[in-house]
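Residue numbers (the working numbering): -6 to 381. A virtual CB, placed ideally from N, CA and C, is assigned to each residue, including glycine. Worksheet for the structure shown next.
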Amino acid sequence: MGWYPCPAPVGYLNTPDRSKGMKIIKKDKKRFDQLRKLFEMVMRKECNAVEAARIAKDEMSFRMKNGKPMARSTFYRLLTDPFYCGIFEYPKGSGNWHEGKLPAMITEEEHHQILAVLGRKGIARPRRHRFAYTGMMFCGECGCGITAEDKEKHQKNGNVHYYTYYHCTKKRGVCNQPCIEVKELERQIAEEIEKIEIPADFHSWAMTWLKHEHKKETGERNDVMSNHQGAYNASVRKLDALIDMRASGEISEEEYRNKKFKEVREKKRLHALINDTDARTDDWIGKAEEMLDFARDASTQYRDEESLREKKKILLKLGSNLILKDKKLSIDTANALLPLKKASPEVKRIHKRLEPLKDEEKQKALEDSYSKNPILLRGRDSNLRPTR
């Protein structure tokens, strides 16, 4: 759910003119900016809520959709409504909070600043049901999907702690698998990402090698393309000759059809080879660079990222077939990242061994070690170059 399934609040408009399934809530251009300014005045303590309501009526000529001035009680209700920071509870009183798709009038932090100004400091932060990893993990015992839920723990001193747990949906009946707290799940995900992590200096060395290989590959591609193009041109000439032979009566209609069928098929095969060779060589270095960038940056990005959507993207790129069993997550690493998963421990070992050296000495020693390491040489020759 992302669209508020109720009449639009003040400052927004419904779209009844749209067909079913396409209805949204949009800004009310006439009232949105005015209401935003009133919210800011209260938040910055330029005036209290009562004075802001008077300004809306007398100085801004703010009117509701029915043409009447906004009542003070209505304005106070709007100030405390979390809808304006982009979240809403549905159904009302259910405790289920959703992130709206509509443009928020204020940020969530600004909403809580307004509550504080109004003396509502004790109000708990709304809990939104946003779970990054649902829909992509499966139970290792029964095969059902993995879902998530929020839990609250109230302490005697009045503090409230929030936790998110992932667990099997148990849609196929009894399942004995325990739940796992999101912090532990993310710790395991971070460990999996670290298995393909490479330091920046190895990334630089690998990119230099890739560019060298691309130059070689370009020369080899030109030779292959030249051979394919020559064969293709010969096939076209044969087809032209067949037409001439048929026109002059040198071959029968049946002979013409049979030979033409074979030659057209050969021409199509050669044309496909030309296109495939060209596309394959152009694509491989871009894909290899993307793979190296991900291995270098993913660990830091995942650790620092706050967006649940971006964390999910990182995990999807890391691999597939995510299985949760006995509180342990297993992931099938993406094929494109397997070479780096094999190389990562060796690269880190070399990097650690040369750590005491000064920068210039270290860089030269690293490049020399990478170039001569049999594990890295096997990996680069068999996995980074395009398949012929």
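Open item on the list: So if DSSP puts lysine 253 in a beta bridge, which residue, or which two residues, is it bridged to?
Closed with: BP columns for lysine 253 are empty, so no partner.
TODO: Would you kindly report the start and end of the unbroken beta strand (DSSP E) that includes lysine 163?
DONE: Taken as a continuous stretch (DSSP letters only), lysine 163 belongs to no beta strand (DSSP E), as it is neither H nor E.
Task: Every unbroken alpha helix (DSSP H) inside the region 53 to 97 [4 residues or more] - done: 65 to 72
- [ ] Kindly give me the distance between the Cβ atoms of cysteine 132 and cysteine 172, rounded to whole angstroms, as I take these residues to be in contact under 8 Å.
- [x] Actually they do not touch by this definition, with Cβ atoms about 11 Å apart.
TODO: Note down the Cα distance separating arginine 180 from glycine 79, rounded to an integer number of angstroms.
DONE: 29 Å
Open item on the list: Taking the straight line between their C-alpha atoms, what separation do you get for isoleucine 139 and lysine 341?
Closed with: 34 Å
Task: Cα-Cα separation between lysine 365 and glutamate 102, rounded to whole angstroms - done: 54 Å
Task: Beta-carbon proximity check, leucine 108 vs threonine 157, cutoff 8 Å - done: no
Open item on the list: In whole angstroms, give me the CA-to-CA distance for glycine 166 and arginine 262.
Closed with: 53 Å
Open item on the list: Quick check: the region 184 to 191 against the region 288 to 299, are at least 3 beta-carbon pairs closer than 8 Å?
Closed with: yes
- [ ] Report buried or exposed for methionine 57, applying the criterion of at least 16 other Cβ atoms within 10 angstroms of its Cβ.
- [x] exposed
Open item on the list: Give me the DSSP bridge partner(s) of glycine 312.
Closed with: Thr326
Task: Contact set for arginine 120: own chain, Cβ-Cβ below 7 Å, skip 5 residues either direction - done: For arginine 120, the predicted structure reports a pLDDT of 48, less than 50, and the residue's modelled location is therefore unreliable. The matter cannot be settled from this model.
- [ ] Would you mind working out which of Lys335, Ser197, His104, Ala193 sits nearest methionine 34, comparing C-alpha positions?
- [x] His104
TODO: State yes or no: is the C-beta of tyrosine 5 within less than 8 Å of the C-beta of lysine 19?
DONE: yes
Task: Terminal residues of the alpha helix (DSSP H) in which methionine 130 lies - done: First-last for methionine 130: 130 to 132, but that is the beta strand (DSSP E), not the alpha helix (DSSP H).
- [ ] For glutamate 248, write down the residues that DSSP places opposite it in a beta bridge.
- [x] DSSP, once it has assigned bridges, lists no residue as partnering glutamate 248.
Open item on the list: If you follow the alpha helix (DSSP H) that lysine 146 is in, where does it begin and where does it stop?
Closed with: Not the alpha helix (DSSP H): lysine 146 falls in the beta strand (DSSP E), residues 139 to 147.
Task: Which listed residue (Leu71, Glu299, Arg70, Ala49) has its alpha carbon closest to that of lysine 61 - done: Ala49
- [ ] Report the three-state DSSP secondary structure of valine 153 (helix, strand or coil).
- [x] strand
Open item on the list: When you compare the CB positions of isoleucine 343 and leucine 359, do they come within less than 8 Å of one another, or not?
Closed with: yes
- [ ] State yes or no: is the C-beta of glutamate 256 within less than 8 Å of the C-beta of leucine 232?
- [x] yes
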